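Have a look at the structure below, then the notes.
Protein chains in written order, with full-length UniProt numbering: chain H, 1 to 170; chain Z, 1 to 176.
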């Protein structure tokens, strides 16, 4: 496989989101296709157990009701394994799935163009995917900087606007 | 670049002159230890800046992580309605280790806030205001607590007194 030698650029709006199936718990797997029909927020992050209050996943946990108003599903992805995710999600009381991009390591992150070879983790990267499985917004944050939720909310707003105007035009 | 939405208005809790050349906004959570660390720093910054600075506090309670943050915010908003917001704000950060209901009732008595008023706050009287603050934070790019905005622009730099005062003085000296 040519994955390490030919890094893919970060996938941009307009591109179909690459399909994937990853473990969400030790005995459950989640496919992107399962979420079709609703907007999906894919949040790649470097690792569980980031030691600050401003932790990105903890913040998104608080914003979940806001995301749900758009009918959007939030999914976190890192290269941590399922047991690590399970402990992290339990400790932080996270109410959304964390997927383990663990074997082959970072395989999904590579396909989205957000894998960091040197670190063996993904970038801190966000994708908003529409109900038809097309990427509508993507963003890579400086690694040490929690990107917040404003970009995601703006992208979801735009999605609603475009759907409304498309509906009016047809 | 993340900017403050909406700008500071009459509904905000502020200290210092409205016409000050610099406005510092904090989105904070009363139970967040990093906000607790920032509290004496921001006091010292206010002291150093004098009437050059207006300081504004907006609620950003992370209630999933901090079980008492929601009620602490309700307490502060009830105090605000009685004209005692800053007393409540300061008390909460000075007693961050004790924010359970009994402690909040004791603080209410200490600042002369009616117990029934506090109960009404716990039942949601000021929740709209708290939600509005939280939502404005999300839209403004708040990514944790505390998050600071200097004249409407998110500040991601170091949060020690000297660094903050240097930044604020530089902004204050900019031509309008």
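No residue lacks a Cβ here, since even glycine has one placed at the ideal position from N, Cα and C.
Bear in mind the structure is a predicted one, so any value in this text is a computation, not a measurement.
query                                                                                                                   : result
Which residues DSSP lists as bridging residue 15(Z), in chain order                                                     : 55(Z)
Short Cβ contact (8 angstroms threshold) for residue 22(Z) with residue 47(Z)                                           : no
Proximity test, Cβ basis, 8 angstroms: residue 159(Z) and chain H                                                       : no
Element boundaries [alpha helix (DSSP H), containing residue 166(Z)]                                                    : 161–173
Range of the contiguous beta strand (DSSP E) that encloses residue 100(H)                                               : 98–100
8 angstroms Cβ cutoff met for residue 127(H) and residue 9(H)                                                           : no
Three-state class that DSSP yields for residue 145(Z) in the structure shown                                            : coil
8 angstroms Cβ cutoff, residue 132(Z) in contact with chain H                                                           : no
Contact list for residue 66(H) against chain Z, beta-carbon separation under 8 angstroms                                : 135 and 138
Contact set between residue 180(Z) and chain H, taken where Cβ atoms lie within less than 8 angstroms                   : In the structure as shown, chain Z begins at 1 and stops at 176. Residue 180(Z) is therefore absent and cannot be evaluated.
Candidates 119(H), 116(H), 78(H) and 156(H): closest to residue 135(H) by CA position                                   : 156(H)
Simplified DSSP assignment, three categories, for residue 67(H)                                                         : helix
Listed by chain order, chain H residues near residue 37(Z) by CB distance under 7 angstroms                             : Simply none; closest approach about 10 angstroms.
Closer than 7 angstroms at the beta carbon, the chain H residues around residue 141(Z)                                  : 148 and 150
Cutoff 8 angstroms: residue 163(Z) Cβ touching any chain H Cβ                                                           : no
At least 3 beta-carbon pairs within less than 8 angstroms: the segment 85–99 of chain H vs the segment 85–94 of chain Z : no
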